[in-house]
Amino acid sequence: MRKFTFVTIILIVSFVLGSCAKTPTLTPEVIKETVVATQLVKETSVVKVVETQNVVVTATPLPTALPKYKESPMLAELVTAGKLPPVDQRLPDNPVVVVPVKETGVYGGDFRFGFVGGSPEWGGMLYFAGWEHPVFWKLDFSGYVPNLAESLTANADASVWTMKLRKGMKWSDGVPFTADDIGFFIQDVLMNKELYPGGVGGDWLPGDMTATFSYAKADDYTVILSFGKSYGTFPLILASWAGRQFAMYPKHYLQQFHKAYNPNIADLMKKQGVETWTALFFTKGPDTWGNPGRWFTEVDLPTLYAYKVTQPLGTGSQVLMERNPYYWKVDDKGNQLPYIDKITGIMYQDNQGLTLAMLNGDLDFYNKPGGDEEKPLFLDAIAQGKPLFITNVLNDGANGVVLQFNMTNPDPVKAEVFSDKNFRVGVSYSINRPELIELFNSGLGYPSQVCPQPSSPLYIEQCNNQYIEYDKAKAQEYLDKVFTKGKDADGFYLDKNGRRFSFVLIVINNWSWAPRNADLGEVLVGYMRAVGLDAKMNAMPDTQWDPLRLKNEVEAFISTGEGGAGLTGLLDARNYVPMEYWGTYSNGWTLWRLKGQGVQGITGDVEPPQWVVDARKKYDDALSAPTEADQIARMRAVVQEATDRFYEIGAFQGGEAWYPFSSKIGNVYDNWYQGWIEGVYKLLYPEQWYLIP
Amino acid sequence: MRKYLLRRFLTMVLTVFIISLITFIIIQLPPGDYVTNIINRMLSQGATSPSPEDVALLRKIYGLNDPMFVQYIKWIEKIIFEGKFGYSFTYQKDAIEIIVARLPASFVLSLSSFMFVWIISLPIGIYSAVKKYSVGDYFVNFVGFVGLAIPSFLLALVCLYVAYKYFGVAAIGLFSKEFQNAPWSAARVLDLIKHMWIPMIIVGIGGTAGLIRTLRANLLDELNKPYVDTARAKGLPEARLLWKYPVRHALNPFISTLGWMLPSLISGEVIVAIVLNLPTSGPILYNALASQDMYVAAGFLLMLSTLTVVGTFISDILLALLDPRIRFQ
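Top to bottom, those sequences are chains A and B.
First residue of the first sequence? That's 1 in the numbering used here, and the numbers climb one at a time after it.
First residue of the second sequence? That's 694 in the numbering used here, and the numbers climb one at a time after it.
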């Protein structure tokens, strides 16, 4: 069975539109959409009306030759005034074609977006005004589609990748985007010894390939990236966060801040008040980590994103953006995207203020704080006639609860207990999953361990379903195997030295995506105490947690369940392989790996045993395997090992979250996946949203 | 008097110096710095760890490589000679620009809530002292205690909810959307006044109760003194008697705390400002502390404490002018 068929949008790439302004007709089309959100299969029949009628009226008088593409009246005015070249000259020969989700949109409007905190990009604007990568995730995470790059092809062993760019594609200032921009990024930035004294930086390039990696320009629109080793997951890596930098280095603009290109750079340094040219470069262009935040503060920086900033946030409370006149995507009728002309990002100080504004209809869209508590408020507001509607968000995660015990704890007694699989099995049986589902997942979803979702090619039935019953007797049976000294007078287990075995569960209480983490911790502690484990909880903000982690002062922890849907588990394997940043069950080993990479401030590193090194190797091999089938087969082996070793304990998968939108926004999916790896809302193709007039 | 002033002034300078030292040390106390903060964020987003050389380069760019006392001297030098408070990592501007940008809103809010407090509590305080143990006295005292007991951020939340639920307004911010970035104009001032009254009352209400209670207690002490009886015996009208003598005396403690108004003009109610989304300086201070944007935080703390000291100095002068006994001690 095909698991997800999103027929409501088809992304057609490499398709040149010839006859787009044809006679208006209405074509009703019946589409059967199948969405698996839980183990139950929901079938929804959707009648979609594909409207081929052209609703966009351009303000410009038609020139003698009929233009191929249409544009926003806002830009048409500029063209008429001679301030902008005609739309056909602004678009690439082969633009990305995005078929709107429901109907052809209407140009114009000012989109009001609310967020919390001082950085608009991380407040969520990056996910609809930015996030343009060479390729892009498919809607069901089963693979990728081209985006910035027209195509991405590999040789037989996937060690050499050829990236073809779109001819005629331009930066927001009208200068062509070519292989030279990529060359500048790789050769003059990443490989520059002064900018990156520690060696090539760039998180799409694995550390063990930096020595063998090379870049070559075949022609103006073709670059060849040779890795020296098989790197089969390269496209998926590019589709994710690591692929952001390819759209971030406009050579024609940034070269003035580069020593190799500007002999008079000292003047600019003086003007900026910095002492080194590297500081100048990292201040005017992207910083050391290639943080896309600069596009929300620097008005002059050319962009490939759909929007460019016209007024940065600064110390005010609004950030203003407007459409990039050279944006390189069109809809199926040849209308240049995005439909919406302007964005006003409004900063709020806290989540309550933000939610209130959204409830009241003062915003079109917002960066929704995690959690479900506010749903009744929104339902109430909708009932009162506020202009809002609610969409279903499918969970892309591997679990809603990830309970980890640090097998590398500095206390040998604790490390021995936590490393004992029987201990974890015992704890797993002590957990009342149906109750957790009621309490923390709105009664939706199904009990499961931390594993790929049933719809994923990485799904292993045993992984999801082992030890998931709530059975206190079985819990005792397994724990009795671990604690041979029995229990004390209060009913708590004794360790091998005859002292009560107690430990602290640390929960982070300021994660925006897990607002009820501390409540969850209380409940979990209750389950464990009920079977004789003296667990206590310590809730803290992440700033307090970070130093503890570096010292390896971690006993038990509630982490996050990434890697459930599609192939996401392959890229974010924190729950399947030791030594990942959030794999706190292996914290000491993780620190050992990070210390080896030169991260400072680490004191709690523990050298991993051979089996951990081997497990890691198997994962690295899966990442570099040349074909997708091979990657999946190897990753399944990694998941199988995680299943057998049972690193961590989960509670439930699935269920639906929700996300409110203003009913003024058109072309929004009714069901969508939300996750970090694909750029949060970017998977909704916000460039084809429009404001219903 | 001159000697007294000089002595107070010199103490003030010394205090400010010590405060600047302590401020700087406190800012450095939390583990890590802005760079570790960025690294942690990038790591948790799945970035590969930066090499030590890259980290060192970054520390150099942000000037975090020097030992603490060198950083301190550089910092204080720039403040004294250039009026620069250090580079804000978050805003990429000098800290003073960020602080100054938010000051007008803070000033207006603090001043208006201060006036609100005085206008409300002076008459009530006097009334409840003169009519002590009457029904009215008990009533205002009850209300005053409730006001004192409710944390202002909670009151703010309740107000927000009531305004939303029953009036359909999201009573947050100081300006409507269209006036957020507009230049000052009559329409903008009107818009400000429209949004101002809720934060003004919320910020003020706690202070009101305190002021009523203090004034009542002070005034009760004065009312029993013989000079009041004498004046009354001499046939002075009750209202004139009250305002001219005991009320004046009862105001003494307020003068001595008047100076503390200065720092509150700058920082005001941080938590209320966050809850009500006010574009005042409080939230900036809070965010700077949270993200270890050290120069903004240090600049704020230094400014606040300097203003407290200066305010105390002003209070001292006022008191000395008001009460001859202080001058000659």
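By construction, the Cβ of each residue, glycine as well, lies at the ideal position given by its N, Cα and C atoms.
Length of the line joining the Cα atoms of residue i and residue j
i: A/Leu313; j: A/Gly118; result: 8 Å
i: B/Arg1083; j: B/Val728; result: Residue 1083 of chain B lies beyond the residue range present for chain B, which begins at 694 and ends at 1022; the question has no answer from this structure.
i: B/Phe717; j: B/Val763; result: 12 Å
i: A/Arg593; j: A/Pro85; result: 53 Å
i: A/Asp173; j: A/Pro302; result: 6 Å
i: A/Tyr459; j: A/Cys451; result: 7 Å
i: A/Phe184; j: A/Val175; result: 15 Å
i: A/Pro434; j: A/Arg499; result: 34 Å
i: B/Ile754; j: A/Asn510; result: 30 Å
i: A/Gln600; j: B/Ile732; result: 10 Å
i: A/Val98; j: A/Arg323; result: 17 Å
i: A/Trp241; j: A/Ala489; result: 53 Å
i: A/Ile677; j: A/Ala81; result: 42 Å
i: A/Leu571; j: A/Lys595; result: 22 Å
i: A/Asp219; j: A/Arg166; result: 12 Å
i: A/Glu51; j: A/Asn335; result: Low confidence applies to A/Glu51: its pLDDT is 33, below 50, so where it sits in the model is not reliable enough to give any reading.
i: A/Gln674; j: A/Trp545; result: 26 Å
i: A/Asp203; j: A/Lys496; result: 45 Å
i: A/Ser19; j: A/Cys463; result: At A/Ser19, the pLDDT of 36 sits below 50, so the modelled position is not reliable and the matter cannot be decided from this model.
i: B/Leu757; j: B/Thr708; result: 27 Å
i: A/Lys68; j: A/Met248; result: 29 Å
i: A/Glu33; j: A/Tyr669; result: Only weak support exists for where A/Glu33 lies, its pLDDT of 38 falling under 50; the value from the coordinates is given anyway. Answer to the nearest angstrom: the Cα atoms are 12 Å apart.
i: A/Asn575; j: A/Ala398; result: 8 Å
i: A/Leu505; j: A/Asp411; result: 15 Å
i: B/Ala943; j: B/Glu915; result: 7 Å
i: A/Thr25; j: A/Lys170; result: At A/Thr25 the pLDDT is 38, less than 50, meaning the model places this residue with poor confidence and gives no usable figure here.
i: A/Ala266; j: A/Asp396; result: 49 Å
Per-residue burial, residue i [other beta carbons within 10 Å of its own, 16 or more giving buried]
i: A/Lys308; result: buried
i: B/Asn945; result: exposed
i: B/Trp877; result: exposed
i: A/Val35; result: The predicted model places A/Val35 with a pLDDT of 36, which falls under 50 and marks its position as unreliable, so this point remains unresolved.
i: B/Phe838; result: exposed
i: B/Ile766; result: exposed
i: A/Pro758; result: Because residue 758 of chain A is not part of the residues shown, which for chain A are 1 to 693, the question remains open.
i: A/Glu607; result: exposed
i: B/Thr1005; result: buried
i: A/Ser455; result: buried
i: B/Ala910; result: exposed
i: B/Leu1099; result: Residue 1099 of chain B lies beyond the range of chain B shown here (694 to 1022); nothing can be said about it.
i: B/Phe883; result: For the record, residue 883 of chain B in the displayed sequence is Leu; it is not Phe. Exposed is the call here.
i: A/Thr212; result: exposed
i: A/Met528; result: buried
Spatially closest choice to residue i from the options, by CA coordinates
i: A/Leu379; options: A/Tyr673, A/Pro660, A/Thr80 and A/Gln404; result: A/Pro660
i: A/Ile182; options: A/Gly243, A/Leu195 and A/Val106; result: A/Gly243
i: A/Asn192; options: A/Lys138, A/Ile224 and A/Thr278; result: A/Thr278
i: A/Pro547; options: B/Leu707, B/Thr704 and B/Asn730; result: B/Asn730
i: A/Asn671; options: A/Leu394, A/Glu416 and A/Asp332; result: A/Leu394
i: A/Asp300; options: A/Asn291, A/Thr315 and A/Met321; result: A/Met321
i: A/Lys474; options: A/Ser430, A/Ser502 and A/Ile437; result: A/Ser430
One or two residues paired with residue i in a DSSP bridge
i: A/Thr656; result: Thr is not the amino acid found at residue 656 of chain A; the sequence shown has Glu there. Paired residue(s): A/Leu394.
i: A/Pro410; result: Paired residue(s): none; A/Pro410 is not in a bridge.
i: B/Ala788; result: Answer is none; B/Ala788 lacks a bridge partner.
i: A/Glu322; result: A/Lys308 and A/Lys342
i: B/Ser984; result: Answer is none; B/Ser984 lacks a bridge partner.
i: A/Ala539; result: A/Val507
i: A/Asn335; result: A/Lys70
Beta carbon proximity, residue i to chain C, threshold 9 Å
i: B/Ser984; result: Checking the listed chains, one finds no chain C in this structure; the protein chains it contains are A and B.
Interface positions of the segment 179-205 of chain A facing chain B (Cβ-Cβ less than 9 Å), listed along the chain: Listed in chain order, the positions of the segment 179-205 of chain A with a beta carbon within less than 9 Å of a beta carbon of chain B are Glu194, Leu195, Tyr196, Pro197, Gly198, Gly199, Gly201, Gly202, Asp203 and Leu205.
Item to check | Members of the segment 262-287 of chain A near chain B, C-beta cut-off 9 Å | outcome: Those would be Gly273, Val274, Glu275, Thr276, Thr278, Ala279, Phe282, Thr283 and Asp287, in chain order.
Below 8 Å between beta carbons is the criterion; list the residues of the segment 310-327 of chain A that meet it against any residue of chain B, in chain order. Across the segment 310-327 of chain A, CB contacts with chain B closer than 8 Å involve Gln311, Gly314, Thr315, Gly316, Ser317, Gln318 and Leu320, in sequence order along the chain.
Residues in the segment 108-131 of chain A having any Cβ partner in chain B nearer than 9 Å: Residues of the segment 108-131 of chain A with a C-beta atom less than 9 Å from some C-beta of chain B are Arg112, Gly117, Gly118, Ser119 and Trp122, listed in chain order.
- [ ] Could you name the residues of the segment 757-784 of chain B whose beta carbon sits closer than 9 Å to any beta carbon of chain A, in the order they occur along the chain?
- [x] Per Cβ criterion, the list reads Tyr780, Thr783 and Tyr784.
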